[in-house]
Structures are given as C-alpha cells and as structure tokens.
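First the structure, in the form of structure tokens, and then the observations on it.
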Amino acid sequence: MSKVYAPDDPQFADLGPERFVLTQLDDSILDAKFETKPIGFFKDAAIRFSKSRVSIIALIVIAIVLAMAIVGPNMNEYGYNDQNMDYINLPPKIPAFAKSGIFAGTRVLLNRRVDALGDTSRYPEGCIVHKSNYQVINGVELCDVTVDYYKYSGVDDDVYFMFGTDYLGRDLWTRVWRGARISLVIAFVSVILNSTIGLIYGSIAGYYGGSIDMVMMRITEIINAMPTVVVVTLFILYFGNGLLSIIMALVVQNWIGTARMIRAQFYRFKNSEYVLAARTLGVGDRTLMSRHILPNSIGPIITRTMVAIPSAIFTESFLAYIGLGIRAPESSIGVLLSEGQKVLMHYPEQTLFPALLISVLMIAFNMLSNGLRDAFDPTQRGA
Amino acid sequence: MRKRPLLAIVLLIACALSACGTPAVEPDPDPGSDKPEVYGTLYNYVGTVSTLNPFESSETAGTTIIEACTIGLYEYFPNKTGDGFVFEGQLAIGDPVAKNDEGTLWEIKIHDNAKWENGDPITVDDVIYSLKQVMDPLLLTRRASQVASEYITIKGAVDYCQQGNSNSVPWETVGLKKIDDYTLQVETESFATVNDVKTQFSTKYTHLVHEPTWEACFSADRTSNTYGTITGGWMSCGPFILTDWTEGSQFVFERNPDYIRADDISLEKMVFYVITDSNTALEMFLAGNIDTVSLGAAAIEQYEDDPRLHPSRPGSVTSICVNIGNTKNNNALGNKNFRKALFYATDREAIAKLVKGVPATWIVASAIISSVDTGVFFRDLPEAQAYLPPNNGYDPDLARQYFQTALDELGIDKAEVTMIYSESSSTTKAVSEFLHKTWPEVLGPQFEFKIEGVASSLASSLRKSWTAENPNTYELAWGGWSVSLTDVANGFKVYTGWFNNKNEPHYNDWYDDLWEKANQSERGKTDNDYRLDLCFEMEEYLIDEALTIPIYETPGRRLINDRIKLPLDDYKPAFGWGWMYAKVVD
Amino acid sequence: MLITLFIIVTIGFMVIRLMPGNTMYADDPDMSAAQIEVLRAKYHLDKPVPVQYVIFLRGLLLEGDWGTSISLYVGVPVWDVLKAKIPVSMYNNIVSLMISLPLGILSGVIAAIRKNTIVDYATSFAVVIFISVPSFIFATLLQYFAAFKWRLFPIIYDASATGAGKLHSLLLPILALSFSPIARVTRYLRAELAETINSDFMLLARTKGLTETQATLRHGIRNSLVPLANVVIPMFTHIMSGSLVIERIFSIPGMGGLMVSSINAPDYPLTLAILIFYSLVSLVTVLVVDLAYGVIDPRIRIGGRNIE
Amino acid sequence: MSAEELRPILEVENLSKHFSSKRRGRTTVVKAVDGVSFGIWKGETFGLVGESGCGKTTLGRTIIRLYAPTSGTIRFSGREVSGKMTGALRKYLTDNIAMIFQDPIASLNPRMTVQEIIGEGLKIRGVTDESERRRRVEYMLERVGLQAEHATRYPHEFSGGQRQRIGIARALVVEPSMIIADEPVSALDVSVQAQVINLLNSLKREFHLTVMFIAHNLSVVKYVSDRVGVMYYGKLVELAESDEIYHHPLHPYTKALLSAVPQPDPHSEKSRRRIFYEGPQAVPEGALAMREVIPGHSVYCTEAGLAAYRRERDA
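Taken in order, these protein sequences are the chains called A, B, C and D. 913 is the number of the first residue of the first sequence in our numbering; add one for each residue after it. 161 is the number of the first residue of the second sequence in our numbering; add one for each residue after it. 38 is the number of the first residue of the third sequence in our numbering; add one for each residue after it. 100 is the number of the first residue of the fourth sequence in our numbering; add one for each residue after it.
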C-alpha cells in the first residue's frame, strides 16, 4: 500500500522549499595551474610507442627493408634484368663464407655416372668437392656429387652472387630487393587506396545511417560475396597485368573491410555527446566527420593498414602463382616466390630468400601494428 | 567449298603439358601365337582429361585414354623387331581396297569377332553410326569437319555436317555405305591413296561409340550428348576396359580379353593418375608410385646422367607467330626485311641453354619423318639442311642491316612491337624475357620491344580472333604446330592461304599451289621424291619470308622405371612410347 | 539476401558475357555459317544480352538449369559438373575449417594464458610464419617432406580410398589449407582474450577467487567467441581460394582447379555457375554467422536514422 | 510590455518524437515525446524533471533539433523552428540556443584541446582571427573559473567539475539567448554540483539567459527553476511555478517523485516513505489533456480528474 503525498500530511511537512538548499553555495571555485606540460594525443601515442621495445625493433626492421628496397638493387654491378646464359641457376656464394659450406656456391648433383667424373669437359678441374651415396641403377654405377657450382658452370672465381641467380642468370640479390620495392609499392598504394575509399565510404554510410547506410552496406555485401579469385582473375584478364591493374585488383574488394570498420566507428561515435555538442554549435557535417568522429578511428585505421600491407604482398604472390603476376621482366616478391616454387625441388635457395623476406616483413608489420594499437589505444595494451 | 584442315592442331602449351605418348599396338597381327606371359600393372600419369567422348576430346592426354579403351579401323602398332611400327587394321582386316580406277570408291572389311565390353558384337552398323554421330548437323561436334574431310574428303559429308538445321541434306547422300555386316564402303570426293584412307580412319575421332549408350546420353533436344563425361555413360571396346574413372583424379584400365588383338597386350592393368604439377609428378616417380615421368627444363640437370632417362625427338618447333597484317605498328610486321631482322637478331644458342632445348631455324620439327616406308627423319635429309641459315640464324650485323632497310622502306625512324606470352608457360615466359632484353640490344634504340603476359585463354583467343576486319589483335605471339609426324607435306597446310585455324595471316597463291600439288595431286600422292621436293621449296620459302620465326625445339625427356619393358627400344614418331604394349618385369 | 544474390547473378552474367575474347563461335573458321548459326541459337547467343539473361534466369529458376558447359565438359549440364566437384572441395574446406577453429582457439587461449612466456612467443612466431608464407610453398614443402621423404602420407589424393583412408590421403592438403586459418584464429583470439582479461568483469571473476586461467576459461572465452564469428566469414572464403592452389599440387579433383580452367577455357556458363556458387556459399556463411550472433549474443543492436 | 514579451520566447506545441526500429521485419515504435506543450518565458529558468527514460533528454534534443520532431511545432522568438531543416534554420537555432550535456567525459572530444573545443563555435561564427578567438576563449575560461593556461590542455587532464565548466564555456562563448542544460550536474560529485549550479546561476544573470534545466533530481531543479514541468513516459503531466509544485503537487507521479527526494537529516530520511506511482488508469483515448487547475498550474488529466484536482488544491 503506497501512501499518497498530501501537503498536509505531517509526514511530508518538511518538504518545503527551504529544505532544498545547496550547502556549498558559497564555496568559491579555485583551479590550480597544472604542473605538467600539455601532452597531445599523438605525442602521447608516440611516448607509449617508444616504450615498446618490440615495436621499435619492428620499425627498425621495416626501415632497413625499405632502405634496402631503395638502395639494394644498386648495391652491386648487376641490374635487375641483366641476363647471362652462362650464369644460370647459380647457388648463393658469399666470399667470406667460402669455407663454411653454406653460401659457398656448392650444389649437390644427383645420380652422376661415376665413370664420367673424370671428364673435365663436364666436371672442370677442382669443381668436385665431395662424393657420396654410391648406388647402381640399371647396371650403371652412380653417385651424388657435391660440386663447386661456379667452377662447374665455368664461372670465373671472382664472380659471386650473394643470393645466387635465376633461370636467366639474373642476380637474385638485385631481384629480391627490386621485388621488395615493387611489392611494397603495390602494397602501399593499394592499402592507401583501400583506406581512403573505405574511409570515405564508411564515413558516409556510418554518419548518415538509415536507408543510405542500408543501400551502401548492401553494395559492399554484393561486392564481398563474389569469390575473390574469380573477380580478381576477370579483372586482370580485362585490364592486363600492369602494375596499376594489379593494384586495382587488390583494391576491388579489400576496401570493404576498412569501410565496415569506419562505419562501425561512426555508429559508435556519431551519437556521442561531444558530437551532439558540436552539432548544437552548428558544426557542419563534413567537419563533424573529419574533425570529431574520424580522429577516433585513427588508431584502428593505422593498425589495420599495417596488417593490410603484408597481406597485400601475400595476395600479390598468390596472384603471381596462378599466373596473374606483374609484367615480366619486372620482379616482385610474389613473382619470385611463384617462380621459386616451380624449382623448389631442384633449387630451393631461389625460394628461400623471397620467403624469408616476406616472413620478416610480415612479422615486422604485425609487431608494428600491435605496437601502434597499444600506443593509440592504451586500454588494449599488452594484447 | 572451304577446305578442311588436315592436321590436328594443338597449341604449344597443350603440348608442353601433355604427359604421354600416343597409342600403340601389337607387333604381331597373327593371333594365337606367341602368347605373352607377363602380366602386371603399369602406373602412369596424364594431364587433365575432362571428356572421353572421342568426337569432342581436345586435350592431348585424352588421346592416350581414348585410344586405350576404344577401337578404330586402323592403327599404328609396334613392329616385331622393336625398331619401328606398322600401320595396319585394328578393327579392319587388311588395307582398304579400291573399287574403281579413279581411287574414289573403297571397301574396308572388318573383323567379325569384335565385341563391346558388354558382349554386343561390333559390326559395320557401329562404324557407320559413329561416323554419323560425329558429323551430326545439330550435335556439331568439335571434330565433325575433320572427319568429313581431312586426309580424304568423304562424299557429301561436308554438306551433311554443315547443313545446320535446314534438314536439306539427308544422311543417305553421304558416301558411307554398309555392304554387309562386316564390309564398309567409302566414297570420296576425289582421288585418294590407300594410305589416305587408312590415315583418315585411324584418328581417334573416328573411333567407335556404343549406340544404345550414346542414345541414352542425348539431351532432350538431341543437341548435346554426355557420352564419356562425368555424368554420361561409357562402353569400352579397345585393348583395355575402363573399369574406374574418377574425373580429375585417376583412370583404371583392365585388360580386355575380348579385344581382337588381345594377344598383343601384356599388361593386366593400367592406372593413370591425373597430375598437373610437375614437382608432384617427379615426386610420384621417385617414390615409385608411377613408372614414368617427363622432365621439365629445371629438372633435367639433376637427371642428365640417370640411366632411366629416355630422350625423344621434339615434335614441334616453338616459334613466334607474326601478325603481318597488324596495322598498329606502321605495318612493320608486314615488311619482310623487318621480320628477317627479328629472325637474325635471335640468339638461339643462348635460348637453347635457357630451355635446355635445341636451337631451331626450321619449320618442320625434328620428329617428323619424311616417309613412313623409310622412316628417315625429314630433318636428317641433306636437302632439308641446305637452305638453313648458318650460326643457328643468329647474325646481329645482318639483323641490323635488315632492320635499317626495313625502316627506310617503311619511311619510319622507330619501330615498336609487342609480344604476348602465356603466363602459365614458364619456358616461353623465360624466352620472352630473354628476347625482351636481347632484341633491342641487337637492333638498337630505334627498336622498341614490349612483352605482355596474358592468361593462356586470352593468348589463344587473341591469336585466333585474327581476321582481315580485325587485324590488330596481336603483333607477335608464341605458337607452334604439332602436326602429323608421318606426313611432312600435309603439315605445311597450316601456312596455306585457306587454312583458317592458322595464327599467321599469310596468303600466297603460289605457296598454296605448291601445297595442293604436294598433297592433292595424284603425282604428289604417289611420288614421294616429288612431294619432298615441294616440301623443301615450301620450307625454304617460309624461312626466307620469316612468316613465323622458329626459335627452339624441346626434346622430350622422360624417366622410365626399369621395371617397364617398352615394345620398342625407344620413342617412335607417330607411335610414341607404346605404354599399352609394355611389359612389367618386377 | 535473395536480392543480393540476384544482383550478384546479374552482374556476374553481364561481366562474363562482356569479357574480352568472348567471341564464342563468331569466328570459328572450321564451321560453316549454318553451323555457327545453329550453335549460336543453341546457346542463345544470337539474341541480345538482356534476352540471354532472361532465358538464363528462367532456366535457372524454373528448371534448376544452370546451362551447359560449352568447352570443358562439352554437352554436360553445368550443374552435373558442379555436383561432382563440390563435395570434394567442400569436404576439404569444411574439415579444414573444423580443424582450424578448435586448434586456433586452443592455441590462442594457451598463448593468452601464458602471455609473455616462451610459449606465447613461440606461438606468435609460428602464427606469423603461417600467415606470411604463401600456402603453395607450404603445400610443396609438406608434400616433399611428409609424403615424399618420410612416406607418411600419399603424395597425391587417392580417389579410390574411403573413410579413414580418404582422410589420410587428404590430410596433407587439409593441413596445408589450415595453417593460415589456424594462425588467424590464434592471433585473433589471443588479442581478444588479452583484452578481455583486463576488463572489469574478469577482475570481478578473479576477486571471486578464480585463478586467472579459470577466469579466462570460464568467462573470457565466451566473450571473445562472439566477435570471432566475424573472423570466420573471411576465413572460409580464404580457405576456398587457398584450395585453388592446394588442389592442383595434390591433384584433387575439386572446385579450385575448375575455377581457373573454366576461366582459361573459356567456359562461360561454368564460370558463371562457379561465381554464383561461391557467392551463395559466402552469403550463407554470413547468414549462419548472423544467426549464430543472435544465439551467442542476446543483445540487440538497433541502428536507425535518428539524427539529421 | 511589447508584443514580444507577451509571448514565451520558446513555445512548444503538441510536440511528439517517436523512434521506430525495424528488426526482422517487425517495427517497434517508442514514443519518447508524445504531445507535449509548454512555453518558456524570456529570462526564466524552466526546470524539467522526470525519471530516466521519460523523454526529457529527447525533448531537449528535439527542441535544439538534434532530432527531427515527429509532429507538433516549436517556435523560438515567434519563429517556427520545427519545420524542414535548412541551413538558415540551423544557423538561427545554433546562434540562439546552446546546449550543455550531461556527461562531462563524453561531451568533450578527447582528441581536441580545450582551446579547440571552446573556440570551435566561434570559428563557425566567422571569428577567423586566431588571436581573437584565443582571447575570447581565455576570457570565457576565466568566467567559468578556469585558467587561461588551461586552453592548451586536453580534456582528460581535467576533473569532472572542470570539464563540465568547459562544457558551459563552450555553450556560452557563442552568446546564445537560451541554454538547454541537460542534466548538467547529475554526473558530478555532490560536492561539485553546487559549484557548477552556482556558476550557471550567476552566468545566467550575467548573460541574461533563458535556461531550460533538465534533471531527474527534484532538489536541484527546485533550487534553480522558476517554473517546473514534470514528465512521465513522454507526456508532460504537471506544470507549475516552482513553489507551487512543491507545496501543492497534484499529479500522483509528481507526488511520487517528491517522495523520492532524499533528506539530508538522517532521522527524517529514515522515516521517509517512498510513494510509488502505478501509472495512469485506463481512460478513453483523447480524454486526457493538460488542464489548468489554477492559473499557472496545469495537470495532465481528464475533465473528471480536473475537478478532483481542483478540490484537492482548494482543500
């Protein structure tokens, strides 16, 4: 049973206005000056970032790869397309390592006729390092021979290729770094395009919401539902395999992820009080989007971008494998990997270096993106 | 009337991917004697085979499979001495017999004891039914035109298969008649030799299909048929019976005891795996899972000493097709001197190193024999070498000279040319990259050369979509004709003016006339020396005009497990390795 | 969803019909005009593209007719081709998915619980390697070592095997397919869990006396699984495109090879059907994940136009 | 009195704001504001109370046109501001009405400095000169009791009360004639609530502001308001002078609200009894309306109810 309020009820007698008094009415407002220096958002992030050792290492690694991608191709006298039919498929040789057994320019040749090993027209003087695995097949005595492949191929002693050479006798050191350059260009440009398109698209969809959002999201759903391989293949079939169309092929579906993320960010922030506050001040739509809502997405965008770069390199190598690689004789990590895969059984070292490079890049970018995420969003630290 | 192409044409890429040899057959036509005792299973691999329908199959690998389990009238078989082959009846008994003096009416006798795998007897009705189906005007099979007219032109057949749905040409007008259950009469449009008739009825697309099964596979409107596909039925009648087929994965064959020449078959079973990745195939071989593997350029180095390595002569020349009608490049490609400049600017020896092949400056591939009777290779004839350019056709100074002349003639100071190549072929890609580097070095800054990798489908459709109205589909492209290994003269058809399937838009009445003389005149058909002379003339002309730029040949290189005893001591053109006739000695 | 599918079908049809080189039969030199006419009529190529589209749609909707393969499997209804190929690929893809999810979740949880220990670092390293090295390299290496060198598995898919034997012959390709998704799930879950572990309700759970591991297992995972659904969608399509490479290396007669060869053939009805099929799969995945969302996460999200 | 002064500066007539959401094909409509009418006189402080979710925030936001009204009209200084949103109308509204938000943390953009936050309104109003903006921001900061030096700081460096003062500065720097203060102190510690309210009161006098003060806390509303409206489930149920409401609450909901006010005296707090409002009885559609019990005191009721209220008021 609830009792109804009545002014005369003595129980409520003390509810007069005199009871509603602010007790601290006379307290004056006193605000002290801050002792600390003002720290901006980015500066704050930078400080946090610099405290993460892993991120710094990742950054240094990326910087080194970038530097090598710029200067690496010019570090020796070979151009990326300098061919030499006498230098085909040479193994890696680094003078300093000559005695160590690796990078010494040796290679094991299988199933050699033992009786032919003395033939200096086939095995030049001193090229045989080691013999093993004697066996008889079809009545012929065979063994595996480790040769100094440079001598075996008749290459002069002072010639060396640090990463070896490919099927056209091209220096793989130069091609790997050149490839890194092209792959990074493809990755950066496509990721920047993806981010930009996704950002604009997602902002509009997220900000205006309603039926605009519905239509825009439906469009992304359609694009996304199509099988990537078919779309990309048709795309490259149509536009050829130039640098630009490879980049566009990496954009055609990939911007959607960014768009969705940005849209979610907008949904989260567009009704937040400070955005409403700005609206009540008469801030226009475009300023609201760019100045008030978007900066909140900067952390996720950067993080996403950092992960997207290595996966663009990955996709590029996948395209190269199915025959949609960058136009020859240009090199890219993907092209090198897919060419390497074809001879993986015979010349594994041709796959080794591009595979190492893509792994290092992936690790570095992943670590960097973790570091950046922590820096921009301290709540996720340690994740 | 348009003439039919005479030769099976397969793209170079298809050749490169093809895994296996051709059919083969028995050394001993006399049944009953010399019963083979060795039975065993041969493990082999093939590329993709998506249909066994002999009238539609276009994959090289399909030939191997179809010929193992179907039967045709004539076939190549290994000879008894193991050094060559014989060309005789498979279903047919003896050679076709001419019934008139003009050489246009022929009779072929067939065996009366041949059976389908279900026991149905094979009669002339089956032969005629199969030929009727392949030429069905509504079914429009891929091979219709070749059956109607290739080595011989069957009377009325072209009109029959090309009538569309007009229903104006009845089957009765076609020159294929049943005399009795085991005698077939063939009437041709013009003079033919015994060999022509035999060759015509030896191709896989004249092999037999089983009528009730075929009928059951028709679509409701009878415009398509699923015989020999994933869903359709199949009936074997060849040396082997197809007992198990998982499309895209494996074929299992068992010896057919009812096969007419069953005594020639020593194998109990054959298993073909479908493998398209070369690394996988090599691993399968080294692990002992398959008995043979073909080696690509990268793999050869490690196995060059291996006693299991069996080389074979190359069956086609990898060349650059020149689109002489292309107008985009100031008609540079239409200029003979320009083409010759490209010809002489090519360092074929370096390329041969690159692809582990042989430099080629010729048109007729090394595996092609000049005459079935002698078995001498055309390339080995001294006359066929007389007109070949020295130094494998590499002469930078000459090339520059031709190039300068061409520029002067064309009145231009710069020539720009683009070559397309297929991304899926690593060898042509490598050679394209090599040429991209070396041609401009030889010809100088006035020559600009671009290469463009395209998907293989696009490469072939660009090449084929060349027409007089649409001349600019390509400038230079990779090509290579895989033609009959037993008939040189016929192979030149691909460069004749009326050969429509060609990649090179070349027309020359004089040349066409040479070809007709060699192939269709009575003298050409009967006088081998005369025919060869015409061949030299044609080849010299083609090289001189540089209508196509031959670059290299790649010999076949195959590791064959020593437990396999092949019927011949080596690969034989037109016959292949003869897997079907091999023996397994464990 | 039906509208989406309809639009995809429409776009796919138009794009494929308008591809370069799609001059089906127009200039086949081996055919007479009458033959070409019959062929074009047979495939309705004599009609304008929109009419062709209507015919195609009508066939598809009323009779389930996807058209007929024109060059790869001449004369075979496209649906029959797919029917033969889909089960093989789906078997691989679904087994791969079913392996990847639990394994990925397990290693993600372990890495998160043992955060900043050697276990965590090792996991992270493996994750990055598995994500970064393309699957075709892994497939080749797996095949070379596990199958060829050590003889643990067959080198290629054995079509005649059934049951356990089938799984045995498919294990390597499935493994090669699963590396990247396992790594993705691991990475995702570890990050997600590490975040959840720091959240208030986990703190509460720990104040109740649960150890960090218990708290993670009982409370953390459940919350991290919700957004995981978002990772599964792209993962599944990722697996499907990965099988393209894997199927070729292990000679598996599945959709992967078909997709490329149908484009290369070119066999347009087949390409279109494959495109539609994969779109359908991806839409169904989205739908399933959507429904799963409702089950796992009862909170309802209302998005609407409420600002001007 | 001029004609202008005869009318309230803000007139709200029959205003409704409904939200609808569609999920799996079913549409749900939430009537956040449902047929509300009232007026605010120039210079007065109008308090709006109601429990959470009753629609008072929506009402405030609809007036300043953060939301488009579903129906009804709003007039400000005689000009209708509830019609189609145009650039001119937005400018008119934002020039004249400013808003102070509830959450001092959420209402300041964490990525902007105080200078940028406060100066933004000036920038929009064409104060392009950086130093002029700086001067006015610093002046405003000092007016709300902060230091000029604080202008370069980011919001996270401030306490809740300080932030709310920044919010006030942001609203006032553009010199509006009316302020909608949406629960400006409810998120603050009780100890700083007074500071902020004092500040608001003194600024109101200094800038001759009209204030619409939204709160769920009757004690605060009582202190600052000249008139008070009580909202319940989207409806205005009682409207009267501040004193009148407290002395003669009529609507049962108002009484319930009043009974929920905590007492500072522990003894009376202990004996305080809550009154619970069970919701209106079912009455015919349209029978309910705001009806004046005595001049200046209206209650949402039926004709019959009105008579009862009159008797109660007169008692």
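Think of the CB as a built atom: it goes at the ideal place given N, C-alpha and C, for glycine as much as any other residue. Remember, it's a predicted structure, so these values are computed and weren't measured experimentally.
The C-beta of residue 605 of chain B comes no closer than 7 Å to any C-beta of chain A. Ranked by Cα distance from residue 293 of chain D, the first of D/277, D/274, D/156 and D/261 is D/261. Chain B has a Cβ within less than 7 Å of the Cβ of residue 1257 of chain A. Rounded to the nearest whole angstrom, the C-alpha separation of residue 1282 of chain A and residue 165 of chain C is 13 Å. Across the set C/182, C/41, C/128 and C/133, the C-alpha of C/128 shows the shortest separation from the C-alpha of residue 199 of chain C. Within the region 1018-1037 of chain A, the residues whose Cβ lies closer than 7 Å to some Cβ of chain B are 1021, 1022, 1023, 1024, 1025 and 1028, listed in chain order. Under the three-state reduction of DSSP, residue 245 of chain B is assigned to strand. Taking 4 residues as the minimum length, the alpha helix (DSSP H) runs contained wholly in the region 612-685 of chain B are 616-624, 648-651 and 669-680, in order along the chain. Here the alpha carbon of residue 266 of chain D sits roughly 36 Å from the alpha carbon of residue 260 of chain C. DSSP, reduced to helix, strand and coil, places residue 186 of chain C within a helical segment of the structure shown. In the three-state scheme derived from DSSP, where H, G and I count as helix and E and B as strand, residue 1060 of chain A is classed as strand. The region 290-352 of chain B contains, as complete alpha helix (DSSP H) runs of 4+ residues, the segments 304-308 and 317-321 (chain order). Not one beta carbon of chain A lies nearer than 7 Å to the beta carbon of residue 226 of chain C. Burial is judged here by how many other beta carbons sit within 10 angstroms of a residue's own beta carbon; residue 183 of chain D has fewer than 16 and is exposed. Ranked by Cα distance from residue 587 of chain B, the options B/261, B/421, B/350 and B/713 are led by B/713. Counting every other CB atom within 10 Å of its CB across the protein chains shown gives residue 583 of chain B a total of 16 or more, marking it as buried. Taking CB atoms only, residue 1278 of chain A has a neighbour in chain C less than 7 Å away. The continuous beta strand (DSSP E) containing residue 471 of chain B extends over residues 469-472. Distances from the alpha-carbon of residue 1110 of chain A to those of A/1054, A/1172, A/1042 and A/1287 put A/1172 closest. In this structure, the alpha-carbon of residue 1215 of chain A lies about 42 Å from that of residue 1017 of chain A. One Cα belongs to residue 212 of chain C, the other to residue 170 of chain C, and the distance between them is close to 14 Å.
Annotation: Cβ neighbours of residue 1185 of chain A in chain D (cutoff 8 Å, chain order): 200, 201, 202, 205 and 206. DSSP, read as helix, strand or coil, puts residue 331 of chain D in strand. Per DSSP, reduced to three states, the secondary structure at residue 153 of chain D is coil, with no helix or strand assignment. Among the residues facing chain A, residue 510 of chain B is included, as its CB has a counterpart in that chain under 7 Å away. By the 16-neighbour rule on beta-carbons within 10 angstroms, residue 138 of chain C is buried.
A Cβ of chain A is located within less than 7 Å of the beta carbon of residue 170 of chain C. DSSP places residue 354 of chain B in the uninterrupted alpha helix (DSSP H) bounded by 354-360. With a threshold of 16 other beta carbon atoms within 10 Å, residue 1037 of chain A falls short and is exposed. Secondary structure of residue 479 of chain B (DSSP, three-state): strand. For the region 1129-1179 of chain A, the full-length alpha helix (DSSP H) segments reaching 4 residues or more read 1140-1151 and 1155-1163 along the chain. Residue contact check for residue 1049 of chain A against chain B: a CB pair falls below 7 Å. Any Cβ of chain D closer than 7 Å to the Cβ of residue 1004 of chain A would place that residue at the interface, and such an atom is absent.
Of all residues in the region 430-451 of chain B, those with a C-beta nearer than 8 Å to a C-beta of chain C are 433, 434, 435, 436, 437, 439, 440, 443, 444, 446, 447 and 449, reading in chain order. In this structure, residue 357 of chain B keeps its C-beta atom at 7 Å or more from the C-beta atom of residue 471 of chain B. Here residue 350 of chain D is buried. Its C-beta has 16 or more other C-beta atoms within 10 Å.
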